[in-house]
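Visitor:
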Amino acid sequence: MSETFELPKQYDFHSAWEKWYPWWEENGLFHSTPNPDKKPFTIVIPPPNVTGALHMGHALNNTLQDIQIRMKRMQGFEALWVPGTDHAGIATQAMVEKKLREEEGLTRNDIGRDAMVKRIWDWKDSFEKRIIGQLKKLSVSCDWDRLRFTLDPVCARAVRNTFFTFFEKGLIYRGKKLVNWDTALQTAVSDDEINNETHDGHFWYLKYPVIDPQEGDLEYVTVATTRPETMLGDTCVACHPEPRKQLDLLENAIREELAAAEAAGRDAEKAELEAKLETLLKRRETHLELLEKLAEMAKAGKKLMLPLANREIPLVTDIWAKPEMGTGCVKITPAHDPNDFEVGKRAMVPFISIMKKDGSLTAEASVYAWDGRKFANVTAEEPALSRTVPEKYVGMKMLEAREVIVADLEAAGILLKVEDHQHEVPVSDRSKTVIEPFLNDQWFVRMADLAQSAMDAVTDGRVQIFPERYAKTYLDWLSEKRDWPIGRQLWWGHRIPIWYVRAADGSEKMPTEDELKTAFADRSDVKWAWDEEGKEWWICLQDGELAKDALPGWELVQDDDVLDTWFSSALWPHSTLGWPEQTEELKYYYPTSVLITSRDIITLWVARMVLTGLQNCGEIPFPHVYIHPKILDKYGETMSKSKGNGIDPLDVIEKYGADALRLGVAWLATDSQDVRLPVDFECPHCGESVEQTKENRIRPRVKCPKCKEFFSTQWAKKEEDLALKRGTVISERFEMGRNFCNKLWNASRFAMMYLMEDLEEVSRPDYTLEPISDDELFMEDKWILSRLCTMAKMFTEGIEKYDYAACVRTLYDFTWDEFCSNYIEIAKYRLQTPELKPVAKRVVAFVLDALLKLWHPVIPLITEEVWQLMAKVAPKRGLTAEDLAREQPESIMNAPWFVDTANRIDPTIEAQFVVFQDVLKAVREIRARQNVPVKQEVKFAVKCPAEIAALILPMKPYFTSMAQAVLTECGPDAKMPELSSNATGANWELGVDLEGLIDVEAELKKNRTQREKLLGFIAGKEKKLSNEAFTAKAPAKVVDAERASLADLKAQLAAVEEAIARLER
RNA sequence: GGGCGAUUGGCUCAGUUGGUUAGAGCGCCGCCCUUACAAGGCGGAUGUCACAGGUUCGAGUCCUGUAUCGCCCACCA
């Protein structure tokens, strides 16, 4: 045989990757083009951020996508998986700025916009390369020819087009929004770049005089604040509209809880509630009258005089003011506090910003009015407001101003008292300075209609979310219909395509609309709108840049900000396919087939993709959304680099292989929302796994408990630590996957060992399973084929419902237990018996081939490797005549998906076979228990009804080959050996002849234990069956089953009693 | 504060619409390097299914409450 090859005992996953991944790529097997003869199946990757390397969550996410894609490809779909990366504006720019600061001591302003953006592109290039490298190591079958990036020209065109149409439809407007402002870096920061720190602070109680108090009115209103400096920007004071009702409500709630706690006897809680109630009742006495009076005054339109600023501000009612807290009323600074911002909008009061971007106070405090609700344009009515901040404070930073203002307030007799108070202060992660809420111009998308369309898509079932419960997250968020702020004060991203007009002489003059009309007469790609508030034009351009002098006599300046990253990600399913061009791809592949992602971006991303898809393409972007679990560490904490509990998939792949990693994560993909993955260090010296604890994971060096050597961690900074070998972070969980692959490898090796014997035979045209008639098949053949088909059906249907974990576990059990441990072990006897060999070989080849195909989506490398080897030794394996007539695929990737075309599922055989398995197991158990030497053959007899005997007898040779046990007698009259060890099962009892081998005491002990156990079960059953309610109400099927089971238990008991009697003799 | 979820052997998790004696991987114990596989084979031990009620003939599974843990969102003048 010329093709003889020796296969190593262990599966070499490294060389399998080296061999097949580049081969797949070079042969264009990942590449998809529209093919009218096939149905499309499309997935767009959730584009990983170019901020850093991929983590386990990505490994999971991409494995699950690849499983779908590979299965569908084999099922004959034209499967396309579009890969790509996301520019992740804030995070990426932050990373590069940090690097710039740390390595060169420069800020972005030092090097300027163009240079900064260039540097971020370089960063992006290097990380994109790394990410793609990781994905390839994971062996995913993305169409790399279609790689996209959210800032590339194709995506940019889609972004510009969307912005332009939204602008045209009036869906985009400019408003005001509070952003988290870092005064040191002079930039907006995102919520996740903020840490809350507990600081010691104070409550300052201030009194604001009432203007022109009437008889019975209060003279002044007391408010408490932790930030007295913001009082200069106060534009109203709020109190609760119905303080009595609110207090009643609270009181009732507490009383109810109290009653419940009392009833349940929870004393600690009770005491707490009682204290709470007491406080509340006291408060009623001290504050209620005042608060009611205030509400009355507010409704009467009373105004207050804001101290220091000497500005009139209204007293308003708003439910934000909690009668049970503080003084019961609250000063409102809409431009400097997120809650006050909301109150301010509701109360329609001016928004006064008293801070400049550098954190100093401004003299010309800006006056803003939010246009969403059309409340008064205060600028016109109250010009005096431009002098809100007294001259002497100007230039002072917010914190300095606090001291001065407090001193002034005290001097003016406004300060009532000061209390110590601990409070949470938001601190910038990057600059470590206090974050100030800052009122900024912002572009918004009107969400009312868009959100509704996206909600409808889910409620009417056009978009289905798996698991279903996540639909609630989606709908709840969308139902708020909050307008979407789309501007970001960054340089990295799609620049907002809006141009402002500046007068050449620097004045505030604006051109007339006629001038615009003339200048852009033949340009359908330019639209404009008049901003009433800012008294200026907004000019929107669909593509490219608007020349500075495009409007004769005026200068055009583009908006500095860029679009929210999600604005471009939202278009991902159609932008990657070429929209707005009506490309072949868009027509063929859109809508995509499923979106697979994690739950934290259901709102930010999924919802927005649905609404832009509907808006731009008139169709949902995908009919299915599958939300997979989040991977946590063993403490249930999110994995992150900053904690040191993150795993680099490459480390796992290096140690266990991509197949093992994929199998491991697919095994975890249940429908629960989190899964835990215990994380350990691997000692680089001795290879021992060192448990990672919360304590050692933050240290720069860790000592291996086994070899006592130190290794370094990611925290190593000092030279002495860095000099140590690095301990990688991995998880033993992947051993399971590696071991399984090795098992499959060896089963294949075994199969091929026999298939190779006669290459001529396996190459014959009729060498498939198909031509074998049922008569030629042995019972075990029919059994394994039936089981295979049952499993294949379950697996296929399960994957289509995203039930990954169950599918993978099912197939795992089938492969290992049924195929390897049962079928192959049985087949050994036949494979070694010349006249029985041919059929057994065919069945082995057929089942193995089917298994490889079923497994391929999960573990692509090993399956390709074995499939290719099989192609040499059994080229016709598993193929039907129809298959043979076609050109054979060159890779398992394109092999036809296994389906049971011959209706091989036979539940009777499957059930029958269980008897064989049970008897075999019982014999083996007896041998093990009685310490019968491995090679010593024993005899055994089985007493059972004739129909059971008919199943057992044909298996006689296998008992010998698999358990060194010779079946001597089997049937209703079989006689138990005199000195035997016995076992019972449903409908049968067996005795292993242990003459000269038996440990009688051990046997008696076991039988007595068994007797007790049976007696227990019988008692339980009898009690159940004597219960008339049970026999009357339970379904007949269940009752019959119970009766049969009881009869069987009794028979078993009799057999055990008999065995005991024999042994005692 | 709102929403969602978890609690099952030492560890990490399965457990379909309630229905015989609750499973897996790892770990543990015993025997075996048997010619596919020691990353393996055969056998074994280990569970009051968090707690308290309820519905039901029957509850790990459904309902209510409690405790603990976690995730997401919003936030404490």
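Numbering (this note's numbering), first residue to last: 5 to 1069.
Virtual Cβ for every residue (Gly too), placed ideally from N, Cα, C.
Owing to the predicted nature of the structure, the values given are computational and were not obtained by experimental measurement.
1) Roughly how far, in whole angstroms, is the beta-carbon of P51 from the beta-carbon of L182, given that I think they are within contact range, below 8 Å?
2) Shortest alpha-carbon distance to K729 belongs to which of M740, Y758, H689, K947?
3) Please state whether the Cβ-Cβ distance between Q940 and Q921 is less than 8 Å.
4) Please determine if the segment 593-611 and the segment 625-633 are in contact, where contact requires at least 3 C-beta pairs separated by less than 8 Å.
5) Is there contact here, the segment 24-38 with the segment 121-133, by at least three beta-carbon pairs under 8 Å?
6) Taking DSSP as the reference, what is the three-state secondary structure of Y594?
7) Assess, as a yes-or-no matter, whether the segment 96-109 is touched by the segment 168-182 under the definition of 3 or more beta carbon pairs within less than 8 Å.
8) Sorted by chain position, which residues of the same chain lie with C-beta nearer than 8 Å to N1031's C-beta, five sequence neighbours on each side aside?
9) Which whole runs of the beta strand (DSSP E) in the segment 273-361 are 3 residues long or more, in chain order?
10) Check whether the Cβ atoms of T607 and P577 lie closer than 8 Å to each other.
11) Which term fits N314, buried or exposed, when burial requires 16 or more other beta carbons within 10 angstroms of its beta carbon?
12) Tell whether a beta-carbon distance below 8 Å holds between D238 and K335.
13) Taking 8 Å as the threshold (C-beta atoms), are R492 and A92 in contact?
14) Would you mind reading off the limits of the alpha helix (DSSP H) that contains F448?
15) Can the beta-carbon of I500 be found less than 8 Å from the beta-carbon of L567?
16) According to DSSP, T601 sits in a beta bridge with which residue or residues?
17) In terms of residue numbering, what span does the alpha helix (DSSP H) encompassing C146 cover?
18) Mind checking which residues open and close the alpha helix (DSSP H) that includes F571?
19) Give every residue of the same chain whose Cβ lies closer than 8 Å to the Cβ of W609, excluding the five residues on either side of it in the sequence, and list them in chain order.
20) Please name the residue in K360, C793, G882 whose C-alpha comes closest to that of C444.
21) Using alpha carbons as the reference points, say which of I830, D853, L856 lies closest to A1073.
22) Just to confirm before moving on: does the CB-CB distance between A461 and V241 stay below 8 Å?
23) Helix, strand or coil for S364 per DSSP?
24) In angstroms, rounded to a whole number, what distance separates the CA positions of R1066 and M980?
25) Along the chain, where does the beta strand (DSSP E) containing A83 start, and where does it finish?
26) Using a Cβ-Cβ cutoff of less than 8 Å, which residues in the same chain neighbour A551 once the five nearest sequence positions on both sides are dropped?
27) Roughly how many whole angstroms lie between the Cα atoms of L590 and L856?
28) Verify whether the separation of the beta carbon atoms of V86 and R161 is less than 8 Å.
29) Can you check which of these residues, P958, T616, V766, is closest to E784 by C-alpha distance?
30) Measure the C-alpha to C-alpha separation of V371 and I624 and round it to an integer number of angstroms.
31) Kindly list the residues whose CB is nearer than 7 Å to the CB of V449, restricted to its own chain and excluding five residues on each side of it in sequence; keep chain order.
32) Can you name the residues that DSSP bridges to R730?
33) Exposed or buried, S777, counting other C-beta atoms within 10 Å across all chains shown (16 or more means buried)?
34) Is it true that the CB of G205 sits closer than 8 Å to the CB of H427?
35) What is the rounded straight-line gap between the Cα of A279 and the Cα of I356?
36) List the endpoints of the continuous beta strand (DSSP E) containing A854.
Guide: Looking at the coordinates:
1) Taking 8 Å as the upper bound for CB-CB distance, P51 and L182 are not in contact here, some 29 Å apart.
2) The option with the nearest alpha carbon to K729 is H689.
3) Taking 8 Å as the Cβ cut-off, Q940 and Q921 do not qualify as a contacting pair.
4) Contact check between the segment 593-611 and the segment 625-633: three or more CB pairs, one atom from each, fall below 8 Å, which counts as touching.
5) The segment 24-38 vs the segment 121-133: no contact.
6) If DSSP states are grouped into helix, strand and coil, Y594 belongs with coil.
7) Counting Cβ pairs under 8 Å, fewer than three are found: no touch.
8) Taken in chain order, the list of residues that qualify is empty.
9) Runs of the beta strand (DSSP E) inside the segment 273-361: 307-310, 315-321, 333-336, 355-359.
10) With contacts defined as CB atoms closer than 8 Å, T607 and P577 fail to qualify as a contacting pair.
11) That one is exposed.
12) A contact, by the Cβ cut-off of 8 Å.
13) Going by C-beta atoms, A92 is not nearer than 8 Å to R492.
14) Taken as a continuous stretch (DSSP letters only), F448 belongs to no alpha helix (DSSP H), being part of the beta strand (DSSP E) at 439-449.
15) Closer than 8 Å, so yes.
16) DSSP, once it has assigned bridges, lists I631 as partnering T601.
17) Following the DSSP letters along the chain, one finds C146 in no alpha helix (DSSP H), marked with neither H nor E.
18) For F571, the enclosing alpha helix (DSSP H) has its first and last residue at 569-573.
19) Same-chain partners within the cutoff: P50, W570, S573, A574, T601.
20) Note on identity: in this sequence residue 444 is Asn, with Cys being the wrong assignment. With distances taken between Cα atoms, N444 lies closest to K360.
21) Because the chain spans 5 through 1069 in this model, residue 1073 falls outside it and cannot be assessed.
22) With contacts defined by Cβ atoms closer than 8 Å, A461 and V241 do not form a contacting pair.
23) Three-state DSSP puts S364 in a strand.
24) Our two residues, R1066 and M980, have alpha carbons roughly 10 Å apart in a direct line.
25) Per DSSP, A83 is one residue of the beta strand (DSSP E) stretching across 82-86.
26) If you ignore the 5 residues before and after A551, its C-beta comes within less than 8 Å of the C-beta of L560, all in its own chain and listed in chain order.
27) Computed Cα separation, rounded: 34 Å.
28) Cβ distance not < 8 Å, so V86 and R161 don't count as in contact.
29) With distances taken between Cα atoms, E784 lies closest to P958.
30) Residue confidence is low: V371 scores 46 on pLDDT, short of 50, so the model does not pin down where it sits. Its coordinate-derived value is still stated next. Taking the straight line from one Cα to the other gives about 42 Å.
31) A distance below 7 Å between beta-carbons, with the five flanking residues on each side excluded, links V449 to the following residues of its chain, in chain order: F170, L175, I176, D487, W488, I490.
32) Within the DSSP secondary-structure output, R730 pairs in a beta bridge with S716.
33) It is exposed - the Cβ of S777 has fewer than 16 other Cβ atoms within 10 Å.
34) Cβ distance < 8 Å, so H427 and G205 count as in contact.
35) Those two C-alpha atoms are separated by around 40 Å.
36) Element bounds for A854: not the beta strand (DSSP E) but the alpha helix (DSSP H), 841-859.
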